[in-house]
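First residue of the sequence shown? That's 5 in my numbering, and the numbers climb one at a time after it.
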Amino acid sequence: KGLVSFYRTTFEDCDIGFNNATFDEGSISFNHSDFGESCISFGGTKFGNGAVSFYGATFGGSLVSFDSATFGDGPVNFVGAAFGACSVAFEGEISRKGGINFNHIDLEKGSLTFDALKFGENHISFKNAKVNGNLELQCYENTEFIRGLSFHGVRLTGTFYLEGDFACVPDLRSTALSAHLDLENLRIEASPHELKSPKDDKYASGDPNIARLRWLKKLAEQSRHHEAALHFFAMERRVARHTKAKSPGAAVLDYL
5 KGLVSFYRTT
15 FEDCDIGFNN
25 ATFDEGSISF
35 NHSDFGESCI
45 SFGGTKFGNG
55 AVSFYGATFG
65 GSLVSFDSAT
75 FGDGPVNFVG
85 AAFGACSVAF
95 EGEISRKGGI
105 NFNHIDLEKG
115 SLTFDALKFG
125 ENHISFKNAK
135 VNGNLELQCY
145 ENTEFIRGLS
155 FHGVRLTGTF
165 YLEGDFACVP
175 DLRSTALSAH
185 LDLENLRIEA
195 SPHELKSPKD
205 DKYASGDPNI
215 ARLRWLKKLA
225 EQSRHHEAAL
235 HFFAMERRVA
245 RHTKAKSPGA
255 AVLDYL
């Protein structure tokens with residue numbers, strides 16, 4: 005139950021496997037580790053409820069796999085990690101309550117794929133990530149439990165797939181997308197009073213989901229997804245009406 009640390013470890017250029025490993029409740033650190041040109045697999049790995057961190061780690065190989073890995077309730081951190089021409093794949097169960105953080109990662113060339121995942125009540129963030137390849141988040145399970153999903157400031161040159169039924173509004177504000185954005189299967193089904201708002205916007209004036217929905221509508225129009233654009237527009241109007249109804253003096257203003 006103590007700390008397991010590979011801090012600043014340098015691995016040789018060979019395949020690295022933590023397949024079917026089981027970690028207990030302590031924190032796990034690969035911070036600033038250098039995996040060289042290795043292919044890395046955490047297939048079937050079971051992480052405990054401690055924090056799992058790859059902060060500032062460097063991955064230079066062709067594959068980083070978390071196939072069927074299971075994360076506990078602790079946060080998962082890839083902040084500032086650098087990936088070479090990698091295929092980075094997650095398939096399994098993302099932490100049930102902790103957040104997963106890909107802020108400021110740099111994927112030089114390759115793909116970042118989340119496929120057939122089971123999500124818990126967590127926040128997932130890709131703020132200011134730079135992805136010179138494809139970003140695919142699809143075939144979700146339990147996406148309605150996600151409390152926050154942010155791509156704010158992402159720079160992406162490849163195709164972006166985003167699908168699922170959410171109770172939060174994905175934040176794609178200030179994104180720079182150079183290729184196709186597929187929003188065909190992105191649905192926001194929650195009613196306005198059930199929509200979740202990420203913690204980072206708790207001091208924003210008004211409902212921050214309105215700005216998110218407007219940006220989604222704009223991106224859908226640019227991608228010629230007219231049905232999706234109408235869906236986001238209708239959702240924006242519903243949230244705006246709900247926000248107005250909650251504001252002090254709303255009844256008086258409506259009367260006037």
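Glycine is no exception: its CB is placed at the ideal position from the N, C-alpha and C atoms.
Does DSSP classify residue i as helix, strand or coil?
i	result
residue 214	helix
residue 120	coil
residue 258	Any answer about residue 258 is weak, because its pLDDT of 42 lies below 50 and its placement is not dependable; what the coordinates show is given next. Three-state result, residue 258: helix.
residue 247	helix
residue 242	helix
residue 39	coil
residue 236	helix
residue 91	strand
residue 191	strand
residue 34	coil
residue 13	coil
residue 69	strand
Please return the same chain residues whose Cβ sits closer than 8 Å to the Cβ of residue i, not counting the five positions on each side in sequence.
i	result
residue 125	100, 101, 149, 150, 151
residue 145	120, 121, 122, 123
residue 244	211, 214
Pull the bridge partners of residue i from the DSSP assignment, please.
i	result
residue 21	45
residue 150	DSSP output for residue 150 lists no bridge partner at all.
residue 261	In the structure as shown, the chain starts at 5 and stops at 260, and residue 261 therefore has no counterpart that could be examined.
residue 200	172
residue 165	140, 186
residue 81	57, 105
residue 230	Looking at the DSSP assignment, residue 230 forms no beta bridge with any residue, so it has no partner.
residue 127	152
residue 159	134, 180
residue 50	26, 74
residue 7	None; residue 7 has no bridge partner.
residue 223	Residue 223 is not bridged to any residue.
residue 64	Residue 64 is not bridged to any residue.
residue 97	74, 122
Which same chain residues, not among the five before or five after residue i, have their C-beta less than 6 Å away from its C-beta?
i	result
residue 114	89, 90, 91, 137
residue 25	49
residue 13	37
residue 170	147, 192
Report all residues from its chain with a CB closer than 7 Å to the CB of residue i; omit the five preceding and five following residues, and keep chain order.
i	result
residue 154	129, 130, 131, 175, 202
residue 5	28, 29, 30
residue 177	156, 215, 216, 219
residue 82	58, 105, 106, 109
If I'm right that residue i touches residue j with Cβ under 8 Å, what's the distance once you round it to whole angstroms?
i	j	result
residue 293	residue 40	One cannot answer for residue 293 here, as it falls past the ends of the chain, which runs 5 to 260.
residue 56	residue 32	5 Å
residue 264	residue 187	Outside the shown range of the chain, which is 5 to 260, sits residue 264, and nothing can be said about it.
residue 74	residue 96	6 Å
residue 2	residue 61	The requested residue 2 does not occur in the structure, where the chain is confined to residues 5 to 260.
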